[in-house]
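Everything below concerns the one structure shown next.
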Amino acid sequence: MAEIKTMAKKSWFLPAILGIVFVAIPPFLGGYIQHLLILMMMWITMATAWNLLGGYCGQVSFGHTVFFGLGAYGGGLLLLHWGISPWWGMIAGPLLAAIIGIPIGLITFRLRGPYFALSMLALGETFRIVFTNWVSVLGGASGVVSSRTFGINKLPYYYIALTIAASSVYVVYRLMHSKYGYYFVSIREDQDAAEALGIPTTKYKMYALIPSAVFTGLAGAVWMNYIAYIDPEVVFSLTGISIMMILAVMVGGAGTLWGPILGGVIFVLLNEGIRATVGPISYLIFMVIACLLIMFLPDGIIGDWAKIKRVFRREKPVYVGGE
Amino acid sequence: MAYLDINHVVRKFGGLVAVDDITVGLEQGEIFGLIGPNGSGKTTLFNAINHYYPANSGEIIFKGIPITRKSTHEICRLGIGRTFQVVKPLRRMTVLENVMAGAFLRINDASKARDKALEVLDFCELMHRRDVPAKDLPIADKKRMEIARSLAGDPELILLDETAAGLNLVEIEAAMAIVKKIRDSGITCFVVEHVMKFIMGISDRMMCINFGREIARGTPREIASHPEVIKAYLGEEYAKGK
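Heads up: the protein sequence lines correspond to chains A and B, in order.
In terms of our numbering, the first sequence opens at residue 3 and continues consecutively.
In terms of our numbering, the second sequence opens at residue 25 and continues consecutively.
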């Protein structure tokens, strides 16, 4: 936590410059680059949301695809049953994600151990199977087909995704500099100590889970509107979403503000770059890269920034005495 | 009725009765020492008080409020702070952040919590360590940080579990001074300790337990010469020899 604060203080101008660049430049870029930028903003939102719960509060979820999928289906189901504009999914999706997230949290956060992680894993798979097979209510394997409001123009989607990404980072930043942030990290570091300090741990885990679910749901709703098609196998994918969200955070640096941002960008670049050149084995290559990064930089690129700087300056590693 | 009333508290782990019918009352503003050989149930009694391992039977009443069935964080909010025998630092947070986490119990604003934490660090003479990650502290400072973290929540009663264990002589003297300072600031102290120099030097009253049962109670002087206490610590023949 200490490192983040000094970094944030030193580089207060970085968000401002990034903001100007990301607002002013994209209209002049080509369609494919705009497409990549939209995906990046989506993945920044998702990684930031996962990081709030998993990286800061220590509650690892193997099933955030549940929230992403529900975010997508929120609008999808409105369209399918009542013909309502899928843009209402921007409200319905995150709401649905929170409604499903709350009972899971209330049940599993009381227990110690991997119950939350495993429940989420099971829930993700359950939702994938239910949404693939329940044709009458949920659309079944053929999913939900929508149409793009803005035709081939990608810019509106980009600015919506940018706004959501920026607000997710801002919300997490504000939370982490308040009582909530200190309580989240306390729970991650030692739940017994946290309880003894008077922290109602179940309640504060919920305070981390709800924004995490809502922002992941928002990313799903943007994706639904942008792609204009929901495939249950894609939006409830364990490997494609749940695991990739974790990897994006791990690569960038869990428990840091900039880690998920960097992780989201790297994930999209690698994924798209590799897929464009070598085709379907892109996941394998991404996994190998992720394994190497985790081996050599276990705290991620931002978390191990000091280590990276040492390597480039050819300095010898400094061992800090622990226990 | 005493300030903290412990009435016939029993805590079992399977067939083992770790705390067996302990009844004791603490008065406001005193330092109450609890001693006993290893495994005699001292820490278990603390864990029963703050509901970490709730009592199987009996009742614990703090300032007239029954707390036996309240949860750990509620008990802390009522004004009972504690430290741990095996220290539990929030490892990747700095000393200041650890103490701030404690201060947030009664303060919502981050900058006010920071002021409160700095004040407590000053009180505990830990100011020079404020920006060190908790995991990098030597054991004496970790123990002191736990005290500071607990004090930051403005407790009225503090449970200190083996504050002097693993400390050298100089550090023990310093720890004694801090506990006395805490008592002088109006906070009641319930102290579990093995280091006799420490607990005999600071306690107003003491109790000795063995196998979960009370075997002696009185002033430090009375406890030191009590035949049951000598028997528990040194064996039957030493007690007879006296």
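Yeah, the Cβ is synthetic: ideal placement off N, Cα and C, and Gly gets one too.
Residue i in three-state terms, based on DSSP
{"i": "B:Ser81", "result": "strand"}
{"i": "B:Asp185", "result": "strand"}
{"i": "B:Asp208", "result": "helix"}
{"i": "A:Ala250", "result": "helix"}
{"i": "A:Val322", "result": "Confidence at A:Val322 is low in this model, with a pLDDT of 48, below 50, so the placement of that residue should be treated as unreliable; the coordinate-derived value is given next. Three-state DSSP puts A:Val322 in coil, outside helix and strand."}
{"i": "B:His32", "result": "strand"}
{"i": "A:Ile86", "result": "coil"}
{"i": "A:Thr258", "result": "coil"}
{"i": "A:Ile154", "result": "coil"}
{"i": "B:Thr243", "result": "coil"}
{"i": "A:Leu113", "result": "coil"}
{"i": "B:Ile191", "result": "Here residue 191 of chain B turns out to be Leu, not Ile, going by the sequence shown. Correct three-state label for B:Leu191: coil."}
{"i": "B:Arg168", "result": "helix"}
{"i": "B:Phe37", "result": "strand"}
{"i": "B:Glu180", "result": "coil"}
{"i": "B:Glu238", "result": "strand"}
{"i": "B:Cys213", "result": "strand"}
Cβ pair residue i, residue j closer than 8 Å
{"i": "A:Met48", "j": "A:Phe24", "result": "no"}
{"i": "A:Gly76", "j": "A:Leu98", "result": "yes"}
{"i": "A:Thr241", "j": "A:Gly302", "result": "no"}
{"i": "A:Lys207", "j": "A:Ile189", "result": "yes"}
{"i": "A:Leu220", "j": "A:Pro96", "result": "yes"}
{"i": "B:Met200", "j": "B:Phe222", "result": "yes"}
{"i": "B:Pro251", "j": "B:Met230", "result": "no"}
{"i": "A:Tyr185", "j": "B:Phe128", "result": "yes"}
{"i": "B:Asn74", "j": "A:Ala198", "result": "yes"}
{"i": "A:Ser214", "j": "A:Trp52", "result": "yes"}
{"i": "A:Phe269", "j": "A:Ala256", "result": "no"}
{"i": "B:Val253", "j": "B:Ala240", "result": "yes"}
{"i": "A:Ile232", "j": "A:Gly145", "result": "yes"}
{"i": "A:Ala94", "j": "A:Val237", "result": "no"}
{"i": "B:Val156", "j": "B:Ala141", "result": "no"}
{"i": "B:Tyr27", "j": "B:Leu50", "result": "yes"}
{"i": "B:Ala158", "j": "B:Leu191", "result": "no"}
{"i": "A:Phe129", "j": "A:Phe118", "result": "no"}
{"i": "B:Ile104", "j": "B:Leu175", "result": "no"}
{"i": "A:Met122", "j": "A:Ile106", "result": "yes"}
Where residue i falls, given that 16 or more other Cβ within 10 Å makes a residue buried
{"i": "A:Met297", "result": "exposed"}
{"i": "A:Trp14", "result": "exposed"}
{"i": "B:Lys66", "result": "buried"}
{"i": "A:Leu264", "result": "buried"}
{"i": "B:Gln52", "result": "exposed"}
{"i": "A:Glu325", "result": "Interpretation of A:Glu325 is limited by its pLDDT of 36, a score under 50 that renders its predicted location unreliable; the figure taken from the coordinates is listed afterwards. Its Cβ having fewer than 16 others within 10 Å, A:Glu325 is exposed."}
{"i": "A:Ala18", "result": "exposed"}
{"i": "B:Thr47", "result": "exposed"}
{"i": "B:Arg168", "result": "buried"}
{"i": "B:Thr56", "result": "This sequence places Phe at residue 56 of chain B; Thr is not what is there. Buried is the call here."}
{"i": "A:Phe288", "result": "buried"}
{"i": "A:Gly33", "result": "exposed"}
{"i": "A:Trp45", "result": "buried"}
{"i": "B:Ala72", "result": "buried"}
{"i": "A:Pro116", "result": "exposed"}
{"i": "A:Gly65", "result": "buried"}
{"i": "A:Leu39", "result": "buried"}
{"i": "B:Ala172", "result": "buried"}
{"i": "A:Val132", "result": "exposed"}
{"i": "A:Lys181", "result": "buried"}
{"i": "B:Tyr262", "result": "exposed"}
{"i": "B:Leu40", "result": "exposed"}
{"i": "B:Met25", "result": "exposed"}
{"i": "B:Ser81", "result": "exposed"}
{"i": "B:Gly38", "result": "exposed"}
{"i": "A:Ala195", "result": "buried"}
Distance cut-off 7 Å: residue i Cβ against heavy atoms of the ligand FMN
{"i": "B:Tyr76", "result": "Absence of the ligand FMN is noted for the structure shown, with no ligands found whatsoever."}
First through last residue of the beta strand (DSSP E) which encompasses residue i
{"i": "B:Asn234", "result": "229-234"}
{"i": "B:Leu50", "result": "40-50"}
{"i": "A:Ile35", "result": "A:Ile35 -> not in any beta strand (DSSP E); alpha helix (DSSP H) instead, spanning 33-52."}
{"i": "B:Leu58", "result": "55-59"}
{"i": "B:Gly105", "result": "104-106"}
Range of the contiguous alpha helix (DSSP H) that encloses residue i
{"i": "B:Arg138", "result": "134-147"}
{"i": "A:Gly141", "result": "It is not in any alpha helix (DSSP H) - A:Gly141 carries neither H nor E in the DSSP assignment."}
{"i": "B:Arg101", "result": "96-101"}
Between the segment 184-204 of chain B and chain A, which residues of the former have a C-beta closer than 8 Å to a C-beta of the latter? Residues: none.
Of all the residues that make up the segment 188-203 of chain A, which are near chain B by a beta-carbon distance shorter than 9 Å? Ser188, Arg190, Glu191, Asp192, Asp194, Ala195, Ala196, Glu197, Ala198, Leu199, Gly200, Ile201, Pro202, Thr203
Check each residue of the segment 137-153 of chain B: if its Cβ is closer than 9 Å to any Cβ of chain A, include it; give the result in chain order. Those residues of the segment 137-153 of chain B placed with their C-beta closer than 9 Å to a C-beta in chain A are Ala137, ordered along the chain.
Which residues of the segment 227-244 of chain A have a Cβ closer than 9 Å to any Cβ of chain B? Give them in chain order. none
If the cut-off is 7 Å on Cβ atoms, which residues from the segment 151-184 of chain A count as contacting chain B, listed in chain order? His179, Ser180, Lys181, Tyr184
Using Cβ-Cβ distances below 8 Å, what residues of the segment 65-91 of chain B are close to chain A? Asn74, Tyr76
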